[in-house]
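Please read the structure below before turning to the comments.
In full-length UniProt numbering, the protein residues as written are 1 to 183.
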């Protein structure tokens, strides 16, 4: 049987307590935080992040850390959340923390792994996400993975006195085309 959590270059792993201090370093990067979420940017401690993880609703949230296979370094995180079992729909969030690690295909591979998990293990019908219009690199990754635009929340995000659209994107299980070979 293939390992559904391992791709050619990355793996989805159980979060470890020591990971959260490293992740907290990413939260001092305003660009990272402001592209990740529409909430106000603010630094978070490792303790804050670990407490959030420990308080997840395990029946509706599936949270993984993304590690490089070659040396097990922490690259980012990916989560399925707000899982509605009756409708077989979930929201997705993905982040690669270190700017030096972005643009190298790690996010694309982690996305493929979590989508495979969502559709083939959890048997979801659809995965949705929201992305700020200024996050063009993430939008490209999502589109290349099969996500389609489903709507726009016009001018919903305010950054530096400017307003930006928030895009809603979705991918149906029937349209999922695996782009990663599982180990």
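Glycine included, C-beta positions come from ideal geometry on N, C-alpha and C.
Every value quoted in this text rests on a predicted model; they were computed, and no experiment measured them.
> At what residues does the beta strand (DSSP E) containing residue 162 begin and finish?
Replying inline: Mapped onto the chain shown, residue 162 falls at position 162. Taken as a continuous stretch (DSSP letters only), the beta strand (DSSP E) holding residue 162 covers 162-172.
>> For residue 137 and residue 55, what's the separation of their Cα atoms in angstroms?
In response: Within the chain shown, the letter at position 137 stands for residue 137. Within the chain shown, the letter at position 55 stands for residue 55. When rounded, the distance between both Cα atoms is 31 Å.
> Given that a residue counts as buried once 16 or more other Cβ atoms are within 10 Å of its Cβ, and exposed if not, what is residue 19?
Replying inline: Translated into positions along the chain shown, residue 19 becomes position 19. With 16 or more Cβ atoms within 10 Å of its Cβ, residue 19 is classed as buried.
>> Just list the residues that DSSP pairs residue 90 with in beta bridges.
In response: Position 90 of the chain shown, counted from the start, is the residue given in the question as residue 90. DSSP output for residue 90 lists 127 as bridge partner(s).
> Looking only at C-alpha atoms, which of 72, 88 and 95 sits nearest to residue 78?
Replying inline: Position 78 of the chain shown, counting from 1, holds the residue named residue 78. The residue with the shortest Cα to Cα distance from residue 78 is 95.
> Count the other CB atoms within 10 Å of the CB of residue 118; is the residue buried (16 or more) or exposed (fewer)?
Replying inline: The residue labelled residue 118 in the question sits at position 118 within the chain shown. Result: buried.
> For residue 4, which of helix, strand or coil comes out of DSSP?
Replying inline: Looking up residue 4 in the chain shown gives position 4. It is coil, neither helix nor strand.
>> Please identify the residue among 5, 159, 180 and 72 whose C-alpha is closest to the C-alpha of residue 31.
In response: The count along the chain shown starts at 1 and reaches residue 31 at position 31. For the residues 5, 159, 180 and 72, the minimum Cα distance to residue 31 belongs to 159.
> Quick one: what does DSSP say residue 49 is sitting in, helix, strand or coil?
Replying inline: Taking the chain shown and counting its residues from 1, the one referred to as residue 49 is at position 49. Reduced to three states, the DSSP call for residue 49 is helix.
> Is it right to say residue 28 is buried, meaning 16 or more other beta carbons lie within 10 angstroms of its own, or is it exposed?
Replying inline: Within the chain shown, numbered from 1, the residue matching residue 28 stands at position 28. Residue 28 is exposed by the Cβ-count criterion.
> Would a C-beta distance cut-off of 8 Å place residue 80 and residue 128 closer than the cut-off?
Replying inline: If you number the chain shown from 1, residue 80 lands on position 80. If you number the chain shown from 1, residue 128 lands on position 128. No.
>> Taking the alpha-carbon of residue 4 as reference, which of 71, 113, 106 and 122 has the nearest alpha-carbon?
In response: Mapped onto the chain shown, residue 4 falls at position 4. Nearest option by C-alpha distance: 113.
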